[in-house]
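What follows is a set of notes on a single structure, which appears directly below.
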Amino acid sequence: MSVLSVRDLNVSYTTQAGDVPAVRGVNLDVARGEVLGLAGESGCGKSTVAHAVLRLLPVGARAEGEVLLDGEDVLAMKPGRLRAVRWTEAAIVFQGAMHALNPVRRVGDQVAEAMTIHRQASEREAFRRAQQLVEQVGLPARRARDYPHELSGGQRQRIMIAMALACNPNLIIADEPTTALDVMVQAQVLSLLSGLQQEFGLAMIFITHDLSVLVEACDRIAVMYAGRIVEEGPSDLLFGSPAHPYTKALAAAFPQIGDERFRRAPSGLPGDPPDPAAVPRGCPFHPRCPEAIAACAREDPSLLKLTVDGRRRAACIRVDRLGAPEMVP
Amino acid sequence: MGMIGLVILVFFIATALLAPIFVSSDGLDATKATGEPLQPPSLEFPFGTDDLGRSVLTLTIWGSRVSLLVGFMATLLSILIGAVIGIAAGYFGGWRENLLMRVTDWFLVIPFLPLAIVLASLLGRSLFNIILVIGVTSWPGTARLVRAQTLSVKTRPYVERARALGAGTWHAITRHILPNVFPLIFANTILVVAVAILSETTLSFLGLGDPLRVSWGSILEFAFSAGAGGAGAWWWLVPPGVAIVLVVLAFTMCGYALDEVLNPRLRRR
């Protein structure tokens, strides 16, 4: 059974201009020990999906559908149950560790916080366990007594990872864990995350716009556009031979150092992602799509299976003509 | 500037605490007065005597105990009310915030003195009541300040992270909001003490203080009603007056100095 399965999730934000849909019918499954990558431009709804998993959406947001954590619907939980589930079932590695740590409290106390909240340990025990966790993420245990400003950006992110592990969750949601870190530190943090994930057999959702990170860290990737999943598949295949034009554009936008072709003609995607309040009719991507035909403006495609087992899927009506690999006859 | 204020404060607080060692409280008892009435300053009575022959120095030293005690206790009460209301309003928001803030506004706009006079005369004249009166009338400024800071702190990501950890309201407020609002409350406290001491003086001067205890305000009241000014007995009015000015000034200087330390935007000005 999957640790997390999201069924037909819709999230909309209430604004003065009316309800703005941020996530429109997303389905996801993450199995034990699996790492799912969630990719997409800013504003495509990937962080909203992550926050919906623990029902951490802001006050004006409305979530519909089902979010099953170990078979239990998070969206239907009573507040007390919800609080008990948070962090013990699923934990988040927040983006921007700088701000997610309270500046006036020792980092060890903040790692221990989750354990004391869930009454898993006394404060003293919790701090001792926090020190072990700090060691586990590659920092000396005495660093638990430091304040956030005494740590570097990478060290703070390690603390955030230690914090996520505190209550032995089954699922870890890493929400852009490596943004704002320099490339060398990024690599260290990534390998730390992957190592811990394998060691504990954790399910993990990895959210980022950095495709090189995704391909390296994930088993499976889902690409989001305008609140939808537009393509899904095993990570090596997905960017090796993308089926959806959007995925192609994303993959092509990624330069390879030393490759002459990229220096001569840096490729990108023209235009901006659509305003969630006014998503284009038909396929939401068609105004920017280089391969759009007239039908694209009329028809809104759902995810089509590209392989028999359904592990590769894409939402594009032209996908068969565009020559996706391993096509279903 | 803060250092000067601190030195003055330490001097006065030490004097107040050590008063029983220096001078016996017998000096406050009119029946045990040793001096002649209304004597100008001399070696025996450095600040002269009052109309009952009591040493004004002794009165001023003992008066500092009541003035400072009322100042600190009233401030404690005021800060407590202000902090609780401010944090509650800022954190919960919505109709609760509206309700609490309208009550605060109401306390903010009604003039302090009439309200305090009415309350003091309703409750009766005692040390505890005067603390209560000053406490319940001086909290609205603190409440507004704390609410504003709470609004800013509660949107910080670590408060959201605490919610994600499964933290309840109480945990979020005591572990995350309060530690970050506390420096502001602390700086504010020191400024409120100055106001509270002035209020105590005012109420005592108007004859609403505890009649059984000597405070700087009540010395001034006695002096005023005994016609010290007309009799040329300046030594009876000046010591408590100067003491009040010095203490209030010292608290204000410390308050601003602290504000500067805690609020980076005020530095280098």
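Sequence order for the protein chains is A and P.
Numbered as in our numbering, the first sequence ends at 384 without a single skipped number.
Numbered as in our numbering, the second sequence ends at 511 without a single skipped number.
Glycine included, C-beta positions come from ideal geometry on N, C-alpha and C.
Buried or exposed for P/N422, going by 16 or more other Cβ atoms inside 10 Å? buried
I need the straight-line Cα distance from A/L292 to A/L245, nearest angstrom please. 21 angstroms
Could you work out which residues of chain B lie near P/N422, taking near to mean beta carbons separated by less than 9 angstroms? Absent here is chain B; the protein component of the structure consists of chains A and P.
Going by the CB atoms, is the gap between A/L206 and A/A258 shorter than 8 angstroms? no
Neighbouring residues, chain A, relative to P/G410 (Cβ below 7 angstroms): R138
Got a sec: is the Cβ-Cβ distance from A/H173 to anything in chain P below 8 angstroms? yes
When you compare the CB of A/G208 with every CB in chain P, is at least one pair closer than 8 angstroms? no
What residues in the stretch 101-116 of chain A bring their beta carbon closer than 7 angstroms to a beta carbon of chain P? L109, L111
Does the beta carbon of A/H204 come closer than 8 angstroms to any beta carbon on chain P? no
Cβ distance (whole Å) where P/A465 is taken to contact P/L280 below 8 angstroms: Actually they do not touch by this definition, with Cβ atoms about 10 angstroms apart.
How is A/M279 classed by DSSP in three states: helix, strand or coil? strand
If we count the other Cβ atoms within 10 Å of its Cβ and call it buried at 16 or more, is P/I263 buried or exposed? exposed
Can you give me, in chain order, the residues of the stretch 166-197 of chain A that have a beta carbon less than 8 angstroms from any beta carbon in chain P? E168, A169, I172, H173
Would you check if there are 3 or more beta carbon pairs closer than 8 angstroms linking the stretch 78-92 of chain A to the stretch 247-267 of chain A? yes
Identify which residue in A/G250, A/S290, A/D327, A/A139 has its Cα closest to the Cα of P/A512. Absent from the structure is residue 512 of chain P, since the part of chain P shown begins at 243 and ends at 511.
Residues that A/I147 contacts on chain P, provided the C-beta gap is smaller than 7 angstroms: A406
With 8 angstroms as the threshold, decide whether the Cβ of A/G151 is near any Cβ in chain P. yes
Output, in chain order, the set of chain A residues within a Cβ distance shorter than 8 angstroms of P/E442. None at all; the shortest Cβ gap to chain A is about 34 angstroms.
Residues of the stretch 381-400 of chain P with Cβ closer than 8 angstroms to any Cβ of chain A, in chain order: R398, P399, Y400
Are at least three pairs of beta-carbons, each pair with one atom in the stretch 90-101 of chain A and one in the stretch 191-201 of chain A, less than 8 angstroms apart? no
A/T69: first and last residue of the uninterrupted beta strand (DSSP E) it sits in: 57-70
Please report the straight-line C-alpha distance between P/R307 and P/V265, rounded to a whole angstrom. 13 angstroms
In chain A, which residues lie less than 7 angstroms from P/R403 when you measure between Cβ atoms? F149, A155
Going by the beta-carbon positions, is the gap between P/V456 and P/L301 smaller than 8 angstroms? yes
Please report whether the beta-carbon of A/R79 lies at a distance below 8 angstroms from any beta-carbon of chain P. no
I'd like to check one pair, P/L374 with P/D452: are the Cβ atoms closer than 8 angstroms? no
Should P/T443 be labelled buried (16 or more other beta-carbon atoms within 10 Å of its own) or exposed? buried
Please tell me whether A/L137 and A/R110 are closer than 8 angstroms, where the distance is taken between their beta carbons. yes
Run through the DSSP bridge pairs and tell me what P/S297 is partnered with. P/T291
Please report the residue range of the alpha helix (DSSP H) in which P/G336 lies. 336-351
Look at the alpha carbon of A/L188 and the alpha carbon of A/A369, and state the distance between them as a whole number of angstroms. 40 angstroms
Can you tell me which of P/M495, P/G290, P/D501 puts its alpha carbon nearest to the alpha carbon of P/G247? P/M495
C-alpha distance - P/G449 paired with P/F253, whole-angstrom precision: 28 angstroms
Tell me, please, whether the CB atom of A/R141 is closer than 8 angstroms to any CB atom in chain P? yes
Since I believe A/G100 is in contact with P/P399 (beta carbons under 8 angstroms), could you give me their beta-carbon distance rounded to a whole number of angstroms? Between A/G100 and P/P399 the Cβ distance is about 19 angstroms, and since that is not below 8 angstroms, they are no contact.
Count the CB pairs spanning the stretch 291-310 of chain A and the stretch 112-129 of chain A that are closer than 8 angstroms, and state whether there are at least three. no
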